[in-house]
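Everything on this sheet refers to the single structure shown next.
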Amino acid sequence: MLWSLLAVTVVSAAVLYVLYHWLIPTAVQSSGWMALLWHDVIHERLLDIMTGTSRPQRMLKAVQKNATKGDPQSVISAIDYYCRHKEWAMNVGDDKGLILDSVLMEVNPSTVLELGTYCGYSTVRIARLMSPGSKLITVEFNPAFAEVARQIIAYAGLQDKVTLVEGSSGDLIPKMKERFGIKYFDFVFLDHWKDSYAPDTKLLEDCGLLKKGTVLLADNVICPGAPEYLKYVRNSPRYESRYYKSNLEYTKAEDGLEKSVFLG
């Protein structure tokens, strides 16, 4: 009886070892949905319980420990390293981040709207490339995320370039002109709720916040996906769109960015 119990224990331990160290990592790297399930649901909750902290708080601690204060690139590098080697997070990431950088430098915008800052990674990535006197408004619905984002943006020394606003994008977009004196945006980065991409784009149009030549760049259009948004910008005569294939942040699963130029 004892030997049978011991054998079952050893076999169970071996199965768990294989699952955790081989099957799960392999599946997570190649499947976007597996990556989101494992990292964004199971692993995050386990770490929250074990550490008594949240993922954003852990990421902030990694920045404060490993990045140089006032150096935006070191903040980006610290987050990328943490997310590749310690704990995955839903930033645009280093692979897609290079595409974001390229499009941003091509546009050279004076006014930028970011929908969804999470912990401030993409905000830092964008703001560091903007010219003096330019304005970046970033909208974050989750107050806990916004609190961490403010600290990371300030740690990067970019707080004077960035206005972070808490609230729903659907409520805030109609108030942009009156509240912030914005005539229109040169560049819009969409990285919030994926089912809000299409309605928020239409709202930006209705509110006159897009001009001819405004560039919209949407993240995660493949994973978790934004099918209604893609259908809209790819079929509307008001946009000229291009897909940039890449990888879901910090994995090998396919994801990409959709660049859409507003034609008026």
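Reading the sequence shown from the start, the letters are residues 385 to 648 in this note's numbering. Glycine included, C-beta positions come from ideal geometry on N, C-alpha and C.
- Between D479 and S438, the alpha-carbon positions lie close to 25 Å from each other.
- Taking 8 Å as the upper bound for CB-CB distance, L574 and L499 are in contact here, some 5 Å apart.
- Looking at the DSSP output, V572 sits in a beta bridge with L497 and L600.
- Excluding five sequence positions before and after Y505, the CB atoms of its chain that fall closer than 6 Å to its own CB belong to I463 and N475, given in chain order.
- Here I606 is not near D570, since their CB atoms are 8 Å or more apart.
- Assigned with DSSP and collapsed to three states, N631 falls in strand.
- Distance from E642 to V617 at the Cβ level is roughly 7 Å; contact confirmed, criterion being Cβ atoms closer than 8 Å.
- Residue pairing for F646: DSSP places it in a beta bridge opposite Y623.
- Distance from D584 to I566 at the Cβ level is roughly 15 Å; contact not present, criterion being Cβ atoms closer than 8 Å.
- DSSP places I521 inside the beta strand (DSSP E), whose first and last residues are K519 to E524.
- Shown here, D455 sits in coil according to DSSP, grouped into three states, outside any helix or strand.
- Membership of V508 in any beta strand (DSSP E) is not indicated; the residue belongs instead to the alpha helix (DSSP H) covering Y505 to A511.
- Proximity to L444 across V523, D544, V549 and A528 peaks at A528, based on C-alpha coordinates.
- Inter-segment contact for the stretch 477–494 and the stretch 528–544 is absent: fewer than three beta-carbon pairs are separated by less than 8 Å.
- Beta-bridge analysis with DSSP links D639 to S630.
- Out of I433, V523 and K578, the CA that lies nearest to the CA of K559 is found in V523.
- The Cβ atoms of L647 and R622 sit closer than 8 Å to each other.
- Between A582 and E612, the C-beta spacing is below 8 Å.
- For I426, the number of other beta carbons within 10 angstroms of its own is below 16, and it is reported as exposed.
- In this structure K578 is not in contact with G551, their Cβ atoms being roughly 19 Å apart against a cut-off of 8 Å.
- One thing to note: P440 has its Cβ no nearer than 8 Å to the Cβ of V508.
- Between A451 and Y539, the C-beta spacing is below 8 Å.
- Our two residues, K596 and V549, have alpha carbons roughly 26 Å apart in a direct line.
- In its chain, beyond the 5 residues on either side, E638 and G640 have a beta carbon closer than 8 Å to the beta carbon of K629.
- Closest in alpha carbon position to V572, among S458, E633, K561 and I510, is I510.
- Counting along the chain, the unbroken beta strand (DSSP E) around V549 starts and ends at V546 to E550.
- With a cutoff of 8 Å on beta-carbon distance, T547 and F525 are scored as not near each other.
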